[in-house]
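All remarks here apply to the structure that follows.
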Amino acid sequence: MPSAIALESVWKRYGSRTIIHDLSFTVEKGEIVGFLGPNGAGKTTTMRMIAGFTTATSGQVTVAGYDMTTQNAEAARQIGYLPERPPLYDTLDVSAYLRFVARVKGVPRPAIPTELERVTTACGLEAVFRREIYKLSKGYRQRVGLAQALLGTPAVLLLDEPTIGLDPGQIQETREVIRSFGEVHAVLLSTHILPEVTLICRRVAIINHGRLLAIDSPSGLQRAVEQTNRVALQVTAPAQALREELLSVDGVRALEVRSAPGDDSVLSVECLVDARDGVEAAIARAVANRWDLHRLERHQPTLENIFLHYVSETSPSEPPPGMAPAEPALDCRRGPRRPPPSLPQDPAAPAEPALEQGVDSRERRGAK
Amino acid sequence: MSGMLAVCQKELSTYFRSPIAYFVIAVFMVGTGYFFTYNIFLTGNATMAETFLNMGILLLLVIPAVSMRLFSGEYGAGTMELLLTLPLKPWQVVLGKYLGAVAILLLMTAATLIDLVPLYLFGNPETTTILSGYIGFVLLGMACLAVGQFFSALTQNQIVAALLTVSVLLGFWFVHNLQSFQTSYALRGLFRHLSFSLHFGAFIQGLVRSEAVMLYLVVCAIALTLNASYLQWRR
Numbered sequence: 001m002p003s004a005i006a007l008e009s010v011w012k013r014y015g016s017r018t019i020i021h022d023l024s025f026t027v028e029k030g031e032i033v034g035f036l037g038p039n040g041a042g043k044t045t046t047m048r049m050i051a052g053f054t055t056a057t058s059g060q061v062t063v064a065g066y067d068m069t070t071q072n073a074e075a076a077r078q079i080g081y082l083p084e085r086p087p088l089y090d091t092l093d094v095s096a097y098l099r100f101v102a103r104v105k106g107v108p109r110p111a112i113p114t115e116l117e118r119v120t121t122a123c124g125l126e127a128v129f130r131r132e133i134y135k136l137s138k139g140y141r142q143r144v145g146l147a148q149a150l151l152g153t154p155a156v157l158l159l160d161e162p163t164i165g166l167d168p169g170q171i172q173e174t175r176e177v178i179r180s181f182g183e184v185h186a187v188l189l190s191t192h193i194l195p196e197v198t199l200i201c202r203r204v205a206i207i208n209h210g211r212l213l214a215i216d217s218p219s220g221l222q223r224a225v226e227q228t229n230r231v232a233l234q235v236t237a238p239a240q241a242l243r244e245e246l247l248s249v250d251g252v253r254a255l256e257v258r259s260a261p262g263d264d265s266v267l268s269v270e271c272l273v274d275a276r277d278g279v280e281a282a283i284a285r286a287v288a289n290r291w292d293l294h295r296l297e298r299h300q301p302t303l304e305n306i307f308l309h310y311v312s313e314t315s316p317s318e319p320p321p322g323m324a325p326a327e328p329a330l331d332c333r334r335g336p337r338r339p340p341p342s343l344p345q346d347p348a349a350p351a352e353p354a355l356e357q358g359v360d361s362r363e364r365r366g367a368k
Numbered sequence: 001m002s003g004m005l006a007v008c009q010k011e012l013s014t015y016f017r018s019p020i021a022y023f024v025i026a027v028f029m030v031g032t033g034y035f036f037t038y039n040i041f042l043t044g045n046a047t048m049a050e051t052f053l054n055m056g057i058l059l060l061l062v063i064p065a066v067s068m069r070l071f072s073g074e075y076g077a078g079t080m081e082l083l084l085t086l087p088l089k090p091w092q093v094v095l096g097k098y099l100g101a102v103a104i105l106l107l108m109t110a111a112t113l114i115d116l117v118p119l120y121l122f123g124n125p126e127t128t129t130i131l132s133g134y135i136g137f138v139l140l141g142m143a144c145l146a147v148g149q150f151f152s153a154l155t156q157n158q159i160v161a162a163l164l165t166v167s168v169l170l171g172f173w174f175v176h177n178l179q180s181f182q183t184s185y186a187l188r189g190l191f192r193h194l195s196f197s198l199h200f201g202a203f204i205q206g207l208v209r210s211e212a213v214m215l216y217l218v219v220c221a222i223a224l225t226l227n228a229s230y231l232q233w234r235r
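Those protein sequences? They're chains A and B, same order as listed. Here this note's numbering is used: position 279 in the first sequence is 279, and no number is missing along the way. Here this note's numbering is used: position 175 in the second sequence is 175, and no number is missing along the way.
What follows is the structure, encoded as structure tokens:
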């Protein structure tokens with residue numbers, strides 16, 4: 001049984017610029033894989049190569065066992081693809097548009113009305129079924145694009161930022177649609193919204209500068225990053241003595257001592273510790289023996305931290321160890337850079353991390 | 001096959017849901033109507049010859065308006081990404097679009113049939129000559145559309161596509177004029193054979209010549225093949 005999506009050492013070059021470096025991963029049937037990366041990392045290019053819009057310079061892309069370059073037509077039948085910008089014909093109405101896509105996808109004529117009804121209900125398009133597409137709001141346009149991708153029940157669903165432009169209610173519904181689809185089919189979902197990934201994806205692929213940095217389940221990634229955990233504590237103690245005491249604890253690698261905001265007598269300490277059990281207990285014992293320990297907590301890396309960990313590790317000038325830079329690493333600041341996308345305002349999740357900004361500020365810091 | 005027809009149908013509904021089709025057909029009817037009455041009153045002969053020639057030139061200017069959006073519009077709207085990832089081969093996209101555009105051409109042509117009503121009412125025209133003129137007109141239009149569609153595939157900008165098409169079509173129309181500057185027999189022959197207007201003139205006179213039919217069809221075939229290979233190459 002071939003993988004639903006399989007990439008084998010795929011490279012993509014445009015002229016002298018290498019967009020994708022030796023990318024390999026698979027997506028199996030019945031799983032949703034989140035595809036993460038800052039803008040310009042190569043997510044959309046990868047999606048396009050899997051969808052067959054562009055071809056890989058070298059390497060092999062197969063979808064449901066069909067090679068994208070030699071068996072394009074068979075492979076295309078297995079794919080539902082929602083590009084970054086929904087590909088809509090403004091002058092057509094929603095029903096005419098969906099009918100066109102259904103016909104091209106080879107849905108038998110008698111089955112077309114039921115198929116249209118299925119995707120219209122799934123994407124909540126009943127109210128605009130007869131409306132011309134240019135009259136639709138951004139959220140509806142996005143959902144027409146998704147409906148188009150779902151037509152014909154493809155084995156593989158490629159979604160490039162599917163929930164952008166939707167309101168919180170619609171985001172919920174759309175995630176539900178994707179989740180139920182992903183139970184039986186394969187879904188590759190690129191997104192900027194990290195909680196979305198933790199919510200619906202079984203595995204996460206992180207990509208930056210065209211290189212795959214990690215692919216694992218969210219918890220697996222957490223463990224991988226956990227080699228350097230953070231322990232934060234608040235203590236009433238003399239700074240110098242505390243520093244010496246903490247550094248003598250086995251497992252503490254580095255620390256930073258500040259006075260706690262609003263109370264000069266309390267020190268706020270951040271320790272970088274080895275990721276193994278018992279370190280925080282040792283710290284607690286060492287501190288509580290001599291001084292007042294007010295608070296101690298271990299910070300589990302969130303997906304945001306994991307993401308930043310991987311992405312900042314591969315700054316353009318230093319490729320990750322083990323990956324020899326075949327050619328000068330791509331500096332995405334030099335290339336045509338899109339303006340930062342306006343991230344969806346999602347009041348339900350106000351703390352949604354804006355990847356774009358996080359990465360940008362890191363790059364700036366690195367550039368100094 | 002069904003994919004190609006679906007593309008063709010989509011093109012037609014796009015034409016008729018936007019003002020293009022109505023506008024182009026209306027302009028063409030007004031233009032030919034004007035030339036028809038003018039020529040009839042000027043010559044007093046019950047013939048379409050002069051009118052056909054004027055229709056030919058008018059066609060060179062109207063065709064780009066039909067063909068310019070065929071691919072440029074798709075690039076602009078981002079829908080090329082849909083067309084090329086659906087289970088469609090490039091030639092299916094190209095032929096489907098082309099057939100849609102040809103349908104508009106046929107409608108335009110059919111609309112001019114109204115001029116024949118007074119011609120037959122008040123005169124005694126030669127039916128076969130008129131028929132051959134129409135055959136030539138449709139073939140000319142098909143060649144022009146194929147050229148226009150190819151240029152539309154080359155650029156995102158519809159205006160650029162239209163201007164490129166007009167200039168190339170005018171080149172094909174007037175290329176026989178270059179004959180007078182050539183001493184080489186082969187070049188003179190080449191320019192004569194490539195001329196859209198000389199061949200169209202033969203049709204107008206009632207001559208359906210195989211070399212004329214071939215020229216138009218070969219231009220169609222080359223332009224459409226280039227079009228499909230370009231789409232394949234762009235991937």
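Think of the CB as a built atom: it goes at the ideal place given N, C-alpha and C, for glycine as much as any other residue.
Only exposed fits residue 117 of chain B, as fewer than 16 other CB atoms lie within 10 angstroms of its CB. Partner residues in the beta bridge of residue 267 of chain A, as assigned by DSSP, are A:235, A:259. Residue 52 of chain A has a beta carbon lying within less than 8 Å of a beta carbon in chain B. Beta bridge pairing from DSSP links residue 299 of chain A with A:230. The alpha-carbon of residue 65 of chain B is positioned some 11 Å away from that of residue 101 of chain B. About 33 Å separates the Cβ atoms of residue 96 of chain B and residue 207 of chain B, ruling out a contact at the 8 Å cut-off.
Rounded to whole angstroms, residue 83 of chain B and residue 184 of chain B show a C-alpha spacing of 47 Å.
Of all residues in the segment 94–113 of chain A, the ones placed with a Cβ closer than 8 Å to any Cβ belonging to chain B are 96, 100, 101, 103, 104, 105, 106, in chain order. For residue 34 of chain B, no beta strand (DSSP E) run applies; the uninterrupted alpha helix (DSSP H) run containing it begins and ends at 20–43, by DSSP. Among the CB atoms of chain A, one or more fall inside 8 Å of the CB of residue 235 of chain B. Shown in chain order are the members of the segment 58–87 of chain A whose Cβ falls below 7 Å from a Cβ of chain B: 73, 76, 77, 79, 81, 83, 85, 87. Counting C-beta pairs closer than 8 Å gives fewer than three between the segment 38–57 of chain A and the segment 218–225 of chain A, which falls short of the contact rule. Closer than 8 Å to the CB of residue 212 of chain A there is not a single CB belonging to chain B. Contacts with chain B at 8 Å (Cβ-Cβ) include residue 92 of chain A. In the DSSP annotation of this structure, residue 60 of chain A is not part of any alpha helix (DSSP H); the continuous beta strand (DSSP E) holding it starts and ends at 58–63. Per DSSP, residue 42 of chain A lies in no alpha helix (DSSP H) and is assigned neither H nor E.
Shown here, residue 124 of chain B sits in coil according to DSSP, grouped into three states, outside any helix or strand.
About 7 Å separates the CB atoms of residue 98 of chain B and residue 145 of chain B; that is less than 8 Å, so the two are in contact.
In this structure, the beta-carbon distance from residue 94 of chain A to residue 118 of chain A does not fall below 8 Å. A Cβ of chain B is located within less than 8 Å of the beta carbon of residue 55 of chain A.
Nearest Cα to residue 50 of chain B within the set B:129, B:192, B:158, B:221: B:129. Note that the C-beta distance between residue 2 of chain A and residue 65 of chain A is below 8 Å. Cβ contact annotation for residue 107 of chain B (same chain, cutoff 8 Å, sequence separation greater than five): 21, 25, in chain order. The beta-carbon distance between residue 200 of chain B and residue 31 of chain B, rounded to whole angstroms, is 17 Å. This is too long to meet the 8 Å contact definition.
In this structure, DSSP gives residue 118 of chain A a helical state, which the three-state scheme calls helix. Straight through space, the alpha carbons of residue 132 of chain B and residue 204 of chain B are spaced by roughly 7 Å. Between the segment 275–284 of chain A and the segment 198–212 of chain A, the count of Cβ pairs shorter than 8 Å is below three; the stretches do not touch. Just so you know, the alpha carbons of residue 230 of chain A and residue 280 of chain A end up roughly 10 Å apart. The three-state reading of DSSP puts residue 6 of chain A in strand, counting E and B together. Within chain B, the residues 10, 14, 77, 79 have their CB atoms less than 8 Å from the CB of residue 89 of chain A, given in chain order. Relative to residue 169 of chain B, the option among B:158, B:15, B:149 whose CA is nearest is B:149. Of the candidates B:60, B:58, B:46, B:71, the residue whose Cα lies closest to the Cα of residue 158 of chain B is B:71. Taking 8 Å as the threshold, the shortest C-beta distance from residue 65 of chain B to chain A does not fall below it. Ranked by Cα distance from residue 292 of chain A, the first of A:107, A:305, A:238 is A:238. For residue 91 of chain B, the three-state secondary structure derived from DSSP is helix. In the three-state DSSP reduction, residue 95 of chain A falls in the helix class (H, G or I).
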